[in-house]
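Enquirer: Residue numbers (this note's numbering), protein chains in the order written: chain A, 1 to 323; chain B, 324 to 646. For every residue, glycine included, the Cβ atom is placed at its ideal position computed from N, Cα and C. Every value quoted in this text rests on a predicted model; they were computed, and no experiment measured them. Take a look at this one; I'll ask things after.
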C-alpha cells in the first residue's frame, strides 16, 4: 500500500467545536472525535487537546499514526496556505499568525496541509457532494458567520495566499451593522445566524409581539427558525429579510463568477427552502439575467461533513503530489 | 504565412464610441478608425457603420480582408460568449440578444469572437501591460460605468456563459442611488464617472460654493476632475468619496479573489494617484490584512488601447486553435 492511497487524518477546526477524523479512500469515514473548541483557552491549549483527539481518532479507526498518508486541516479564518498560518480568525479570538501546520507537523511527523474550512467544504461538495462534475461552483456556509469556497475551471481556487473566497465580507451596506471583522455592513452582519438573532432581538425590543417574547435567555438563530416553523410573523419576516440580503450577496457572486451552482451549507441552511426560496428570488432580482438564469442554488449534500471530506481530499492530493 | 500569425481585426464597441483597428503580431497597431457609436440609432445601423469602418481600417493598414486571421470584438454589456450574443448592455439601450458574432461572420466570412470589453482589457493588460506574468489579476474600468475582467491562474476567466467579472454591479449600499442596471447601490452608482458628476450636482444644489457653481451646462466627471486639480473643496471631497466607495468595492474583490494586482483603467483613472491613493487606503481599511498586503493597485499601462489589444489577442488565440 502506498501511503497516498492510505487513510488520512482530517480535522475541521471551528470557533465552537472541532472534529478529528480518519477518512479512507473515496470518503469513507473510519472514525470521528468531536470536542468543543473552548476558544477562550488560547491556541496552545487548544492545539494540545486537538493533538490528543487526533491520536484518539487514529486509534479508534484501528490504525497507527504511521499508517496515515497525511493530515488535512480545515480551519476557520484567513489562512496563509503557503506557510500554513492562521493569520486571523474572527471566531478564534487572539489567533494571530499561528503556525498551525508546522506545530502539527512537528508533533505528528507527517505531511500536514491547512486550508480554510469553507474552501475545504467547496472541495468536498465538488468531489463527493452536490456539485460533482461542475466546472464553476461557489460554496457558501451560513452559520455564526458566512464563509465561502470556490471551484474555478474544475479546481479549488485559493487565491495568491490562500485567503480567497471570503464571501461573508463583501460589504452590501456601507453604513450597516458592525460585523465581527470590525467593518460595517458585511454580508455576514446582515444574513448570518448571528444577524438573524440580532434582527429578532431588535424587533422584540421595539415592541413586536412574537412567541419569542417569552424567551428568558438570549434569542438564537435556532429559536427564530423554530418560531418561523410555527408561523410566527416576526420570525418569518426576520428570515425573509436575512434571505433577501443573502440573495443580494449571491447576486454579487453571480455577476462576478457566473457559476453553474451555489451550494449553501452551514447551520442556518438547515432552514432549507424556507431560506433558499426567498434567497433565490432576491438573487434573481439583483443579478443580470444571463448568469442568474444559469446558476442553480442548492443545499449542501454532505452537510456538516463537507469540510472534513474536503480536508481529506486536499491532504490526499497534496501528499500524493510529493515524495 | 499561416493565417493565425497574420494581422487581426480588433473592435472596441462602447456606448459612446467604437474603434476598429488592424493589429499585427506582438500588439503592433497597423491602423485605427474611430467613430461615435450614436447608440440611439439602434443596432442595425450601428453594425452597418461598424462594418464600413472595419473595411476602412483594413484598407488603411494596406491589407485585404482575406489577409486577416480573424476578428475580435470587445463589446460593452453582458455577453453570452458561447453564442456571441450581446444579451443586454446598460449603455447600449435596446440591445437585447443581438447576435453580433453571427452578423459579423456573415458579413466578413472570417472567424469572429465577441467578448466583454473589460475582460478584453484584462487580457490586454495581462499580456502586454501592467500585469505581465502575473497569475491572478483583476482589471477594473472606471468610466461612465464600472466594468471588470479577471485573470485567474494565468488565464482569462469568463465564467460559465462569458458574463463573469461584472465588478460594477456588486451592491455596496442596499438603499443607495439607482444604477443604470435598474438596481440600487451598485458600485457603479457610487464610484463611476456618472456617480462623480451626480454627487457634485447634488452638493451644488444643496448650496455648496465651488468653482463648478458657474457652469451653465450639466456637470461632467471631467469638470469635477479639473476643479479638483485647482483645489476646489467640493470637487476634492466628491472625488475622495467616490474613491472611498471604489476602495470598498476593491476590498470585496480582494477578499474574494486574493489577487496579486488590481489594474485600474477607464476615463476616470486619468485622475491617477488623486483617485488611486484614497481608493487604496479605503481598500486596505476594508479588506483582510493578508490579501490587502499582497495586492498592488496600479493604473492601466495600455490606457484606452487595453480593450483593443485584448480583443486582438483573444481573436488570435481562438482562431489559432481552430482549423
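Please specify which runs of the beta strand (DSSP E), each continuous and at least 3 residues long, are wholly inside the region 23 to 70 of chain A, giving them in chain order.
Expert: Counting whole runs of 3 or more residues, the region 23 to 70 of chain A contains the beta strand (DSSP E) stretches 29 to 36.
Enquirer: Whole angstroms are fine: how far does the CA of residue 578 (chain B) sit from the CA of residue 387 (chain B)?
Expert: Rounded to the nearest angstrom, the two C-alpha atoms are 48 Å apart.
Enquirer: Are the Cβ atoms of residue 508 (chain B) and residue 489 (chain B) separated by less than 8 Å?
Expert: For residue 508 (chain B) and residue 489 (chain B), no; Cβs fall outside 8 Å.
Enquirer: Is residue 23 (chain A) closer than 8 Å to residue 11 (chain A) when the C-beta atoms are compared?
Expert: Not in contact: residue 11 (chain A) and residue 23 (chain A) (Cβ atoms no closer than 8 Å).
Enquirer: Which two residues bound the contiguous beta strand (DSSP E) that contains residue 333 (chain B)?
Expert: First-last of the beta strand (DSSP E) with residue 333 (chain B): 331 to 336.
Enquirer: Alpha carbon to alpha carbon, what distance is there between residue 401 (chain B) and residue 379 (chain B)?
Expert: Whole-angstrom Cα-Cα distance: 28 Å.
Enquirer: So the alpha helix (DSSP H) residue 439 (chain B) belongs to, where does it begin and stop?
Expert: Segment 435 to 439 is the beta strand (DSSP E) holding residue 439 (chain B); no alpha helix (DSSP H) there.
Enquirer: Of all the CB atoms in chain A, is at least one closer than 8 Å to the CB of residue 585 (chain B)?
Expert: Output row for residue 585 (chain B): interface = no.
Enquirer: Step through the CB atoms of chain A and report whether any lies within less than 8 Å of the CB of residue 328 (chain B).
Expert: Not closer than 8 Å to any Cβ of chain A, the Cβ of residue 328 (chain B) fails to qualify, so no.
Enquirer: Does the distance from the C-beta atom of residue 140 (chain A) to that of residue 264 (chain A) stay below 8 Å?
Expert: Cβ distance < 8 Å, so residue 140 (chain A) and residue 264 (chain A) count as in contact.
Enquirer: Please give the ranges of any alpha helix (DSSP H) in the region 215 to 240 of chain A, keeping only runs that are unbroken, at least 4 residues long and fully inside the region.
Expert: Fully enclosed alpha helix (DSSP H) runs of 4 or longer: 221 to 229.
Enquirer: Give the straight-line distance between the Cα atoms of residue 441 (chain B) and residue 90 (chain A), rounded to the nearest whole angstrom.
Expert: Cα to Cα, the separation comes out at about 34 Å.
Enquirer: Here's a check: name, in chain order, each residue in its chain whose Cβ is nearer than 6 Å to the Cβ of residue 576 (chain B), leaving out the five neighbours to either side.
Expert: Closer than 6 Å at the Cβ level, and outside the excluded window around residue 576 (chain B), lie 461.
Enquirer: For residue 558 (chain B), which of B:374, B:358 and B:542 has the nearest alpha-carbon?
Expert: Taking only the C-alpha atoms, the option nearest residue 558 (chain B) is B:542.
Enquirer: Confirm, please, whether the CB-CB distance from residue 170 (chain A) to residue 247 (chain A) is below 8 Å.
Expert: Against a cut-off of 8 Å, the Cβ pair of residue 170 (chain A) and residue 247 (chain A) comes out as no contact.
Enquirer: Alpha carbon to alpha carbon, how far is residue 116 (chain A) from residue 612 (chain B)? Give it in angstroms, no decimals.
Expert: Taking the straight line from one Cα to the other gives about 16 Å.
Enquirer: Is the beta carbon of residue 629 (chain B) sitting closer than 8 Å to the one on residue 452 (chain B)?
Expert: Contact flag set, yes.
Enquirer: If I follow the unbroken alpha helix (DSSP H) through residue 273 (chain A), where does it start and stop?
Expert: Segment 273 to 286, the alpha helix (DSSP H) holding residue 273 (chain A).
Enquirer: Give a yes or no on whether the C-beta atoms belonging to residue 152 (chain A) and residue 475 (chain B) are separated by under 8 Å.
Expert: Yes, the pair counts as a contact, with Cβ atoms nearer than the cut-off.
Enquirer: List the residues of chain A that residue 405 (chain B) touches, going by C-beta distances under 9 Å, in chain order.
Expert: Those within 9 Å of residue 405 (chain B) in chain A number zero; the least Cβ separation is about 11 Å.
Enquirer: Please classify residue 483 (chain B) as buried or exposed, where buried requires at least 16 other C-beta atoms within 10 Å of its C-beta.
Expert: Residue 483 (chain B) should be labelled buried.
Enquirer: Applying the 10 Å Cβ sphere with the 16-neighbour rule, what's the burial state of residue 603 (chain B)?
Expert: Residue 603 (chain B) comes out buried.
Enquirer: Any C-beta of chain B within less than 9 Å: which residues of the region 274 to 307 of chain A qualify?
Expert: Cβ contacts with chain B come from 285, 286, 287, 288, 289, 290, 291, 293, 294 and 295.
Enquirer: Looking only at its chain, what residues have a beta carbon closer than 6 Å to the beta carbon of residue 639 (chain B), apart from the 5 residues adjacent to it on each side?
Expert: Cβ neighbours of residue 639 (chain B) beyond the five flanking positions: 331.
Enquirer: Counting only C-beta atoms, is residue 484 (chain B) closer than 8 Å to chain A at any point?
Expert: Closer than 8 Å: yes.
Enquirer: CA-CA distance, residue 376 (chain B) and residue 336 (chain B)?
Expert: Each residue's Cα considered, the two are about 12 Å apart.
Enquirer: Residue 487 (chain B) versus chain A: which residues are under 9 Å apart at the beta carbon?
Expert: Under the 9 Å cutoff, chain A gives 136, 255, 256, 257, 258, 259 and 291.
Enquirer: By Cβ distance below 8 Å, which residues in the same chain neighbour residue 188 (chain A) in space, the five residues on each side in sequence not counted?
Expert: Within the same chain, residue 188 (chain A) has close Cβ partners 145, 146, 168, 169, 179, 180, 181, 194 and 195.
Enquirer: So residue 479 (chain B) is in the alpha helix (DSSP H); what residue range does that whole segment cover?
Expert: Where residue 479 (chain B) is concerned, there is no enclosing alpha helix (DSSP H), although the beta strand (DSSP E) it sits in stretches over 478 to 480.
Enquirer: Restricting to Cα atoms, I'd like to know which of B:352, B:457, B:399 and B:396 is closest to residue 583 (chain B).
Expert: Answer by Cα proximity: B:457.
Enquirer: For residue 154 (chain A), which of A:126, A:82 and A:274 has the nearest alpha-carbon?
Expert: Of the listed residues, the one whose Cα sits closest to residue 154 (chain A) is A:126.
Enquirer: In this structure, what does DSSP give as the bridge partners for residue 80 (chain A)?
Expert: Answer by DSSP bridge pairing, in chain order: A:85.
Enquirer: For residue 434 (chain B), does the count of other Cβ atoms within 10 angstroms reach 16, so buried, or fall short, so exposed?
Expert: Result: buried.
Enquirer: For a test of the three-state rule: what should DSSP assign to residue 496 (chain B), helix, strand or coil?
Expert: Reduced to three states, the DSSP call for residue 496 (chain B) is strand.
Enquirer: Against residue 496 (chain B), what residues of chain A qualify as contacts under a CB-to-CB distance less than 9 Å, listed in chain order?
Expert: Result: 171, 172, 173, 174, 175, 176 and 185.
Enquirer: From the DSSP output, which residues share a beta bridge with residue 141 (chain A)?
Expert: Beta-bridge pairing links residue 141 (chain A) to A:147 and A:265.
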